Amino acid sequence: MSYPVIPRKSWAEWKQMVHGFWPGNPQFTEKDYPDLEGKVVIVTGGNTGVGYQTVKSLAGTTKAKLYIFSRNKEKTLKAIEQIQSEISKEYNVDNREINFIPLDLGNLTTIKSTVDQFLKQEDRLDIIIHNAGVMVPPKGSKTTQGYELQLGTNTIGPHLLQKLLDPIFIKTSELNPSGLSRIVWVSSSAHFFAPIGGLYWQDYNFEKIPFTKSTQMYAYGQSKAGNIIQAKMWSKKHTAPNVISSSICPGYLLTDLQRYQSPMEVAVFKYMCFPARFGAYTELYAALSPDVKDGQHSVSFGTPGIARNDLNDVVSNEKVWDWLEQQVEPYLT
1 MSYPVIPRKS WAEWKQMVHG FWPGNPQFTE KDYPDLEGKV VIVTGGNTGV GYQTVKSLAG
61 TTKAKLYIFS RNKEKTLKAI EQIQSEISKE YNVDNREINF IPLDLGNLTT IKSTVDQFLK
121 QEDRLDIIIH NAGVMVPPKG SKTTQGYELQ LGTNTIGPHL LQKLLDPIFI KTSELNPSGL
181 SRIVWVSSSA HFFAPIGGLY WQDYNFEKIP FTKSTQMYAY GQSKAGNIIQ AKMWSKKHTA
241 PNVISSSICP GYLLTDLQRY QSPMEVAVFK YMCFPARFGA YTELYAALSP DVKDGQHSVS
301 FGTPGIARND LNDVVSNEKV WDWLEQQVEP YLT
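Below, the structure is given as structure tokens:
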């Protein structure tokens, strides 16, 4: 079995990766966020890390009705309590509506029940931020359906979640001004390490080549390239002209994503990376800024960036999208 082919990076791609260590100050911040009273926003994985900071900023500034979709009920309810306490002190606001619905992106059979619970409570959805994810887990980590854990959790699970939410999301977008309805697919600069075309077709579960630090990153990059393709393809596949679907690299951040790293690696991350709250600026730039365009890829901490050039190939992207559609089709009903 041959190893994945990783395209050589262009000068512009190298420049963007290096720029991530010195991105400058965020330009689109809380003072710029619009009033979202009456609007409904979902943040997956909003109980920790960047997702937590994103929910906190939304709760403190926008008046949106918020939903955290995450796995751990106890941890999420505790996070909501902490957010309420922090926004009271930092934003002088009290008792914003933040709701929890359980979501396990690693088990496709459970995602419809998550959406069904949401639909029992809501008749609109304005913004969804696909923030939840996993990075370089231990060797052999799989989803319930047997996918490599990063591909399943970061790409296939969100694809199914979005597809199940599409009817209410598109219906809401028809009532909204153009550009208010947003889908944010949280990718990573690791997409530059994805196999050519995004998916390693010969062995997308990475079972036939040795498990090394490099192949771990190829697999993670594959899942994040998938998010960029999803962002580009969603609008091509749906008649929803008011919607902006875009991807982001939130930045080089110290978050729970490093939970599987060695102590030495974590020490390096602490030295080189930014606090999670900076990643929220990138997420909310993509979710709220009037400057963001459909299909755009944004980078830290809220500025237009570039995705790897081969991920702009329409034929290749169609192939990945069609494959994702096939993976989730059995779980739609």
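Using the numbering used here, the first residue of the sequence shown is number 1, and each one after it goes up by one. Just so you know, even glycine gets a beta-carbon here, dropped at the ideal spot from N, CA and C. Note that this is a predicted model, so its numbers are computed, not measured.
Using 8 Å for Cβ pairs, my map puts residue i next to residue j. What's the rounded Cβ distance?
| i | j | result |
| --- | --- | --- |
| phenylalanine 69 | threonine 114 | 6 Å |
| tyrosine 52 | glycine 46 | 6 Å |
| threonine 101 | isoleucine 183 | One point to set straight first is that residue 101 is isoleucine, not threonine, in the sequence displayed. Actually they do not touch by this definition, with Cβ atoms about 18 Å apart. |
| asparagine 92 | tyrosine 147 | Their Cβ separation, rounded to whole angstroms, is 45 Å, which puts asparagine 92 and tyrosine 147 out of contact at 8 Å. |
| isoleucine 209 | tyrosine 3 | 6 Å |
| leucine 151 | serine 223 | 5 Å |
| valine 299 | glycine 20 | 7 Å |
| leucine 125 | phenylalanine 169 | 5 Å |
| glycine 279 | leucine 253 | 5 Å |
| isoleucine 156 | leucine 324 | 6 Å |
| leucine 332 | tyrosine 33 | About 34 Å separates the two Cβ atoms, so there is no contact after all. |
| threonine 48 | alanine 12 | Actually they do not touch by this definition, with Cβ atoms about 33 Å apart. |
Considering only the beta carbon of each residue, do residue i and residue j sit closer than 7 Å?
| i | j | result |
| --- | --- | --- |
| phenylalanine 274 | proline 26 | no |
| glycine 198 | threonine 143 | no |
| glutamate 122 | valine 40 | yes |
| alanine 240 | serine 173 | yes |
| serine 289 | phenylalanine 28 | yes |
| phenylalanine 193 | tyrosine 218 | yes |
| threonine 282 | isoleucine 248 | yes |
| lysine 63 | leucine 36 | yes |
| leucine 149 | isoleucine 98 | no |
| valine 243 | serine 181 | yes |
| serine 132 | threonine 44 | Note that residue 132 is alanine in the sequence shown, not serine. In contact: alanine 132 and threonine 44 (Cβ atoms closer than 7 Å). |
| valine 328 | leucine 160 | yes |
| histidine 130 | proline 158 | yes |
| glycine 295 | lysine 232 | yes |
| lysine 139 | phenylalanine 211 | yes |
| histidine 297 | alanine 307 | yes |
With a threshold of 7 Å between beta carbons, is residue i in contact with chain B?
| i | result |
| --- | --- |
| valine 292 | Any reference to chain B falls outside this structure, which holds one protein chain only. |
Based on the DSSP secondary-structure assignment, which residues constitute the bridge partners of residue i?
| i | result |
| --- | --- |
| histidine 297 | Ser247 |
| leucine 253 | Phe274 |
| threonine 239 | DSSP, once it has assigned bridges, lists no residue as partnering threonine 239. |
| valine 43 | Ile68, Ile129 |
| glutamate 148 | Lys142 |
| threonine 303 | Val299 |
Query raised in the report: What are the uninterrupted segments assigned as beta strand (DSSP E) that are 3 or more residues long and contained completely in the stretch 150-210, given in chain order?
Result: 182-186
Query - At least 3 beta-carbon pairs within less than 8 Å: the stretch 221-229 vs the stretch 179-190 - result: yes
Query raised in the report: How do the stretch 87-103 and the stretch 303-320 stand: do at least 3 beta-carbon pairs fall below 8 Å, yes or no?
Result: no
Report task. Counting only runs of 4+ residues fully inside the stretch 94-138, write out the alpha helix (DSSP H) ranges in chain order. Result -> Look at the stretch 94-138 and you find these whole runs of alpha helix (DSSP H), each 4 residues long or longer: 108-121.
Report task. Any chance you could list the alpha helix (DSSP H) runs of at least 4 consecutive residues sitting entirely within the stretch 58-99, in chain order? Result -> 73-90
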